[in-house]
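Q: The numbers in the working numbering rise by one with no breaks, and the one at position 90 of the sequence shown is 73.
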Amino acid sequence: MKTTIGPARSSIAPLEERIDRAIHGVLAAFPDAQRLSPDERRGILARYTAVLEGNFIYWMTAAYLAVTTDQAHAIIRANLLEEVRDNHPGMLRRFAIAAQAVPTDSDALAVHRNLQNVRLFVARLSAVKLLLMMAFFEGWITRFMPYLAELARYQGSAEREYTDVHGVCDVVHTQELFRALEGEMTQAPEPLPPATELLEGVDLLQALIHSIAQPPRGVIPEGVGGSR
Ligand SMILES: [Fe+2]
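(1) What are the boundary residues of the alpha helix (DSSP H) that includes F13?
(2) For the segment 86 to 105 against the segment 25 to 42, do three or more pairs of beta-carbon atoms, one drawn from each stretch, fall closer than 8 angstroms, so that the two count as touching?
(3) H56: beta carbon under 8 angstroms from a heavy atom of ligand 1?
(4) My output table needs one value for L125: the three-state DSSP class, helix, strand or coil.
(5) Count the other C-beta atoms from every protein chain shown that fall within 10 angstroms of the C-beta of I2, then say buried if there are 16 or more, exposed otherwise.
(6) Could you pull out every unbroken alpha helix (DSSP H) segment of at least 4 residues lying fully inside the segment 129 to 175, listed in chain order?
(7) Please tell me whether, using a cut-off of 8 angstroms, the distance from the CB of E65 to the nearest non-hydrogen atom of ligand 1 is below it.
(8) How big is the Cα-Cα spacing for Y47 and F161?
(9) As an exercise, report each continuous beta strand (DSSP E) stretch of at least 3 residues that is fully enclosed by the segment -6 to 66, in chain order.
(10) Going by the CB atoms, is the gap between L187 and L(-2) shorter than 9 angstroms?
(11) Alpha carbons only, please: which of R4, L10, Q138, R96 is nearest the one belonging to S20?
(12) Taking just the CA atoms, how far does A110 sit from P176?
(13) Using only the alpha-carbon positions, how far apart do S(-6) and T179 sit?
(14) Is F119 near ligand 1, in the sense that its beta carbon is under 8 angstroms from a heavy atom of that ligand?
(15) Would you kindly check if the distance between the Cβ of H156 and the Cβ of N62 is under 9 angstroms?
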């Protein structure tokens, strides 16, 4: 295996820090579970499910298609295999059903615009930017699990598999994605754009997670009729 000491190592540390700050930022956007009404708790669980259930594997697949190094392919492949073999979308669906938080039309509409923005970004298949976004995604998911489990518990659910599995495995996945990123960055045509540009996907995903935390008020998504 290739060692990672050198320019790539020094360029990745500030990005890891930025992602860490972004994770803290989105975690802080979620209100204290105890202070929420049952309907607000259901809404967060449902919007989380609406975003994660059908998109995580698709975005990780996009990262697989975008990367160029053998190392990154191997790392993402292992991640995808676990998702598919262990049926993580099915696990999440069971979790949402048990918490009586299956997404409704209005839950889907609350995240619609920000979700579409992330999809447009993902479609561009930019390897380094996508890996940064997925490292942020995995890192956030891991640290979000205790809160998500708490919401479900308040909803009277005893279903724990999804939150237990994701609180553990994603720690490893996040670190692996940073390793994949280091390799990709050394392959990237020089010079790499500044950090603000590299974090484009992180910013878009941040906005999406904010709409899970607090649904935007008075926003009528495009293509669903009505006017603002
Ligand atoms: Fe998963």
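Quick reminder that beta carbons are idealized off the backbone N, C-alpha and C, glycines included.
A: Taking the definition as stated:
(1) Careful: F13 lies outside any alpha helix (DSSP H) and carries neither H nor E.
(2) yes
(3) no
(4) Position check: residue 125 holds Thr in this sequence, whereas Leu was assumed. Reduced to three states, the DSSP call for T125 is helix.
(5) buried
(6) 144 to 170
(7) yes
(8) 14 angstroms
(9) none
(10) no
(11) Q138
(12) 13 angstroms
(13) 13 angstroms
(14) no
(15) yes
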